[in-house]
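As structure tokens, the structure follows; a few thoughts come after it.
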Amino acid sequence: MSAVLINDPAGDPRIAGRAFIGRAAQARLGDNLFAGIPALWLFVFFITPLAFTVVFSFGHSTFGGIALGFTFDNYRQALSGFYLTSFLRTIQFAVTGSALCILVAFPAAYFIARHAGRWRGVLLVVVLIPYFTSFLIRVMSWQILLQRRGPLEGILNFTHIYSGPLDLLDTQTAVFIGIVYAYLPIAIVPLYVVLARIPPALIEASRDLGASRWRTLVHLVLPLARPGIATAVLLTAVPMLGELVVPTLLGGDKGVLIGRAIASQYIQSENYALGSAMAVLVLIAVAVIVGALARLTRSFAEVSA
Amino acid sequence: MSTVRVSAGRMPNAGAAALGVWYALVVVFLFAPIAVSIVYSFNLGTLGKQTALFTGWTTEWYANAWNNQSLRRTVQTSVVVSFWAALISVVIGTALGFALVRHPNARVRGALSGLTYFLLIVPETVTGVSLLLFYAVTGIRLSLWTLVAGITPLAISVTALIVRAGVLTLDRRLEEASADLGGSRLQTLRFVVLPHLAPAVAAGALMAYVFSFDNLVVSAFLTTPTVNTLPVYLYGSLQYGPSPAVYAAATIVFGFTIVLLAIAGLLYRVVRRRGAGASPSRPG
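Sequence order for the protein chains is F and H.
With this note's numbering as the guide, the letters of the first sequence map in order to residues 1 to 305.
With this note's numbering as the guide, the letters of the second sequence map in order to residues 1 to 284.
This is how it looks when you write it as structure tokens:
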């Protein structure tokens, strides 16, 4: 408190006033540098490239190059035939993959939040470790696991859960196993956060009033967990829309998703305009998902919390 | 106390046990591929190729990976690229994390947090192709630096969110007290803010390094024959029957990542504990 008294502006209005202005200007400069430098960097290396993609999605592809212009041809092409199929398949893939992820994650998150006691932190970190290790290494190991005569086949045959050869690699099932695997840890975190916040007394009250466990789950836990579910969908479905690695490594050539279709437009066909239009469509799909989730939880603040 | 008894009586152990079993299965599911990649890095393989069948133990693939010149070069490139990406990201991400909480204008704070979350939700494939197009159209030749610049946005958002958590635990009155005592803005930053944020900044730097080192999708679009990173190299080699040396390299990277993560985790705990320690001393 003494510091405030010594520096009391009432003591000497002139000096205090001047010091105050100097400091305020200094603070403003500092604040603006702190906000401005990141904004500038991200503008140059992130926003501008995205803007290029949007602009050129209306342009024309020339032989191995691109020309500015205004046409919807690229979109017309991106929304027809093979490309439309892969776009729709990608949306279906992201929705299914995200739903599967949350189905697997929810009971695990519930266990950590409700039954782990003081081990909560440890149990949460354990499921998070894989997420922070190399994505590629983890996915490529599934190639070994799922292969014919691989470890999974061995275990299933040995335990008589399933007998005979396992033909999983290069199937859609393998892609779903891989995608759920890859995004499971980041689905668990937001679910854990909301579930840990539900007061245990509420659940007990519901049970005391005679609600079955199922009813308590559906009418109490799930509505309260809504923001966490929305965040989990956001964190899993959105990256799945652009997924490139998992389908390529585990799905073989079957069912090309839009991520790979875009990559091949840029790298093999060098049709930048068509590739850009497809990339913009993915961004639109992302925006639709984010908008729907924001509406579901009423405010975006809740989603990002 | 009574609530504990009620819940213990009500939740017969069956429900909790079932959930516990589910959690255990999830852990097995998550760690199985990691275990497999470690075990199979010792696999003899067949004709120098990795096979699903474990044909015998050997450590020769580690020597093989060590002596592989192109593998070595990609590791070197990866180390250099992720070092610079982490350095740039930690400086810019720290400034961003600070501004997210402390910028006086609410509209600026809103715009910055919108930008930060936008960075996280744009699929990497889209970022990657956009950068490729951007560099192609502007005539900037792909190099180590274009790759570094390309992978920074993601690392910046990760660092910014970690630093933001640190700033949120920093009692604003400490900064005011420093200013009241005549400290300049720079002195306040140097002697009050940065020491408090140091663990968060260091954790952010390590995470930025790990994220940049692991980056595959954006890198895949921006690498050139001379600037090739380890994940891109490994990904390429997977297309035509990988040698177990790839798994040996992967295992080394895995061990290395775990060490960095452990350090980042410890630092993050310091940040959190400081936040927890600060609250009881706050009056009201």
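Where a beta carbon is used, it is the ideal one built from N, C-alpha and C, also for glycine.
For clarity, every value in this text was computed on a predicted model and none was experimentally measured.
Helix, strand or coil at residue i according to DSSP, with G and I counted as helix
i	result
His60 of chain F	strand
Thr59 of chain H	coil
Asn64 of chain H	helix
Asn43 of chain H	strand
Gln147 of chain F	coil
Glu175 of chain H	helix
Counterpart residues of residue i in DSSP-defined beta bridges
i	result
Ala67 of chain F	F:His60
Lys254 of chain F	Paired residues: none, contrary to the question.
Asn13 of chain H	DSSP lists no partner for Asn13 of chain H.
Contact set between residue i and chain H, taken where Cβ atoms lie within less than 7 Å
i	result
Leu244 of chain F	Thr125, Val217
Gly275 of chain F	Val129
Ile262 of chain F	Thr125, Val129
Presumed contact (8 Å Cβ cut-off) between residue i and residue j, rounded CB distance
i	j	result
Val80 of chain H	Leu144 of chain H	7 Å
Pro225 of chain H	Val286 of chain F	No, Pro225 of chain H and Val286 of chain F are not in contact; Cβ-Cβ is about 33 Å, not under 8 Å.
Ile179 of chain F	Trp142 of chain F	Actually they are not in contact, since the Cβ atoms of Ile179 of chain F and Trp142 of chain F sit about 10 Å apart, beyond 8 Å.
Leu147 of chain H	Val227 of chain H	6 Å
Ala203 of chain H	Ile156 of chain H	15 Å between Cβ atoms; not a contact.
Ser212 of chain H	Ala85 of chain H	4 Å
Thr90 of chain F	Ile258 of chain F	4 Å
Thr85 of chain F	Ser130 of chain H	Incorrect: roughly 24 Å between the Cβ atoms, too far for contact.
Gly242 of chain F	Thr125 of chain H	4 Å
Ile151 of chain H	Ser219 of chain H	6 Å
Ala105 of chain F	Ala99 of chain H	Not quite, the Cβ-Cβ distance comes to about 33 Å (not below 8 Å), so this is no contact.
Leu19 of chain H	Tyr110 of chain F	6 Å
Exposure of residue i, with buried meaning 16 or more beta-carbon neighbours within 10 Å
i	result
His196 of chain H	buried
Asp253 of chain F	exposed
Ser61 of chain F	buried
Gly65 of chain F	exposed
Tyr240 of chain H	exposed
Trp61 of chain H	buried
Ser89 of chain H	buried
Pro244 of chain H	buried
Ser269 of chain F	exposed
Phe87 of chain F	buried
Arg50 of chain H	A small fix is needed here, since residue 50 of chain H is Gln in this sequence, not Arg. The residue in question, Gln50 of chain H, is buried, as its Cβ has 16 or more Cβ neighbours within 10 Å.
Gly291 of chain F	exposed
His103 of chain H	buried
Asp208 of chain F	exposed
Pro223 of chain F	exposed
Trp57 of chain H	exposed
Val21 of chain H	exposed
Leu186 of chain H	exposed
Thr138 of chain H	exposed
Interface residues of chain F facing residue i [CB-CB closer than 7 Å]
i	result
Ile288 of chain H	Nothing about residue 288 of chain H can be reported from this structure: the residues present for chain H run from 1 to 284 only.
Trp285 of chain H	Since the displayed chain H opens at 1 and closes at 284, residue 285 of chain H lies outside it and no answer follows.
Phe42 of chain H	Near Phe42 of chain H there are no residues of chain F at all, since even the closest Cβ is about 13 Å away, more than 7 Å.
Val108 of chain H	Ala35
Proximal residues of chain H, C-beta to C-beta of residue i below 8 Å
i	result
Pro199 of chain F	What Pro199 of chain F touches in chain H: nothing, since even the nearest Cβ is about 10 Å away.
Asp310 of chain F	Within the shown structure, residues of chain F are numbered from 1 to 305, placing residue 310 of chain F beyond reach of any answer.
Asp73 of chain F	The premise fails here: Asp73 of chain F is roughly 18 Å from chain H at the closest Cβ pair, so nothing lies under 8 Å.
Phe56 of chain F	Leu133, Val137
Arg148 of chain F	Ala52
9 Å Cβ cut-off: residues of chain H touching residue i
i	result
Leu283 of chain F	Val122, Pro123, Val126
Gln26 of chain F	Ser184, Arg185, Leu186
Ile317 of chain F	Absent from the structure is residue 317 of chain F, since the part of chain F shown begins at 1 and ends at 305.
Listed by chain order, chain F residues near residue i by CB distance under 8 Å
i	result
Ser37 of chain H	Ile137, Arg138, Met140, Ser141, Ile144
Gly15 of chain H	Arg213
Proximal chain F residues relative to residue i, where beta-carbon distance stays under 9 Å
i	result
Asp171 of chain H	Correct list: empty, because the minimum Cβ distance to chain F is about 15 Å.
His103 of chain H	Asp31, Asn32, Phe34, Ala35
Val327 of chain H	Because chain H spans 1 through 284 in this model, residue 327 of chain H falls outside it and cannot be assessed.
Pro231 of chain H	Ser134, Phe135, Leu136, Ile137
Val253 of chain H	Thr133, Ser134, Ile137
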